[in-house]
Amino acid sequence: MNPPSDIFRFPQEAFDVLHALEEAGYEAYFVGGCVRDSIMGRPVSDVDIATSARWKDTAAACEAHGMRTHETGTKHGTVTIVAGGVEGEGCANVEGAKGAEATTGAECANDAKPQKAPQAFEVTTYRADSATSSDSRHPDSVEFVSSIEEDLARRDFTMNAMAWHPERGLVDPYGGRKDIAQGIIRVVGDPQQRFREDALRILRACRFASQLGFRIDDETYDAMLSRKSLLENISTERVTHELDLLLLGGHVHDALMCTVDVLSFAIPELVAMKDCAQPTKYHCFDVLEHTAWAVQQAAPTRLVRWAALCHDMGKPACMFFDGDGVVHFYGHAAVSAKLARGMMDRMLMGPAFKDGLCAMVANHSDKVAPTPKSVKRALGKVGGDPELFRSLLALKRADILAHAPEYRDQTACIDEIEATLDDMLAKGDAFAIRHLAIDGNDVMALGVTKGPEVGRVLQAALDAVVDEAVENERRALIEYVDTNLLC
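Taking my numbering, the leading residue of the sequence shown gets 24, the next gets one more, and so forth.
What follows is the structure, given as structure tokens:
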């Protein structure tokens, strides 16, 4: 039985592309993730189309209906069709990405009327991929085929190997709809072969487990484990992107716990965390599961989720028992920050992201009281950046929520700290050198030679302001520096 057609709510422009192809005598279907998400009742961001037409014929058919075309992957039969909007008129973004939002009236210049932004769709000829892949990512060759069923046979998972047409209904030769209903991630065909063809599918399975809350079929998972070394052939950027999506998923705890042995090829730091017990009153999980819960509880931003993943990475290396048999993890935050930086270097993450994350990890276990003095000192440890400090608070909150139940109510203190921060920002309190009423020129005017000593004096002056030993007022600060900081 086909699902009701009203669950497939695609943009009108997508139906226009389908109509253009079929009017020209070709067959076309909506395929892949858009069909899966529609059946699941999830928002659809990208709509992909498969067709019997070769890419040049696709372009000609759509251009005949006033659509624009871009040759984005013609080697593999793919052309991007841009439908809707009017190029060069109004204020629509003609080259907008798939799923682009319509431009608002406030953004239009010269009183132009707002338009709905054009929509972009990838249209690909039915094809079969070769069984060999020299780079473990792309097929060595493709063969164009004549039916949608043959095309679906090359796809990764059953839930993605479905097609739908508004008149012909759902094409589901591998039981994708049933697997969706049962919450199962299962490859199409032979799992070993599927992962040899494209090793990135290994991480995609882990990512889908996190995003959808599905479990991975046993045979599929066994093949993921045996083929995970093929991930060495995948570009770092691709691996990092999949891990980003995994960490931002709504079921990330379960995904991390169930796929850690696969993920350890990309993030070997996870191995030591597995089964590393934390026999203290504050914890009821080992380091890995505590971490997985911290990621789950963390605010769903890339920075906070990655920081949560890294915050206790150093614990296995720092673990020791004292003479009374009590376990300690002294210095684990600093070690975790070093491990995190090495991991992020390996994953080619940006310098600002790395610096922010390492500052969060290094300071996540610091005690901070909900007082202006304490908050200002803590802000100084993250470069005086209020937004980075808020991310640090989000990490601390997630860390607390992953502790034993009787200690999770300590998040109330985090709320008080954030309220103190808000009050400080509203009053314009000084918590960074740039907020001081004096600058380097004032310090040099007192006889300090240009160089590092100027920064040392300014930092000492800031410390005095934070400790309320002097007002943040220019004359008072100059007198304080001259009297107390200069020899």
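Cβ atoms here follow ideal geometry from the backbone N, Cα and C, with glycine treated the same way.
query, result
"Looking at C-alpha atoms only, which residue of Glu-410, Val-504 and Ala-51 is the closest neighbour of Val-194?", "Ala-51"
"Starting from Arg-498, trace the alpha helix (DSSP H) in both directions and tell me its first and last residue.", "497-503"
"Taking buried to mean at least 16 other C-beta atoms within 10 Å of its own C-beta, is Ala-349 buried or exposed?", "Before going on, a small fix: residue 349 reads as Val here, not Ala. Answer is exposed; the Cβ neighbour count stays below 16."
"Does DSSP put Arg-400 in a helix, in a strand, or in coil?", "helix"
"For Val-318, I'd like the list of residues in its chain whose CB is within less than 8 Å of its CB, leaving aside the five on either flank, ordered along the chain.", "Leu-270, Val-275, His-276, Leu-279, Arg-328, Ala-331, Leu-332 and Ala-421"
"Kindly indicate which residue of Ala-184, Glu-145 and Val-398 has the alpha-carbon position closest to the one of Arg-59.", "Ala-184"
"Less than 8 Å between the beta carbons of Leu-508 and Ala-483, yes or no?", "yes"
"From the DSSP secondary-structure annotation, give me the bridge partner or partners of Ala-151.", "Glu-166"
"Residue ranges of each beta strand (DSSP E) run of no fewer than 3 residues wholly in the region 46-96, ordered along the chain?", "51-54, 71-74 and 91-96"
"For Arg-238, does the three-state DSSP call read helix, strand or coil?", "strand"
"According to DSSP, is Ile-208 helix, strand or coil?", "strand"
"Could you name the residues of the same chain whose beta carbon sits closer than 7 Å to that of Val-504, not counting the 5 residues immediately before and after it, in chain order?", "Val-466, Leu-469, Val-480 and Ala-484"
"Is the Cβ-Cβ distance between Asp-80 and Gly-55 less than 8 Å?", "no"
"Apart from the five residues just before and just after Trp-316, which ones in its own chain have a Cβ nearer than 6 Å to its Cβ?", "His-276 and Ala-425"
"How would you label Gly-379, buried or exposed, when you count the other beta carbons within 10 angstroms and need 16 or more for buried?", "buried"
"Use the C-beta contact count for His-313: other C-beta atoms within 10 angstroms, 16 or more gives buried, fewer gives exposed.", "buried"
"Starting from the Cα of Ile-440, find the closest Cα among Leu-402, Ala-73 and Ala-300 and give me that residue.", "Leu-402"
"What do you get for His-387, buried or exposed, if any count of 16 or more other CB atoms within 10 angstroms of its CB means buried?", "buried"
"Between the C-alpha atoms of Val-262 and Thr-95, what's the straight-line distance to the nearest angstrom?", "22 Å"
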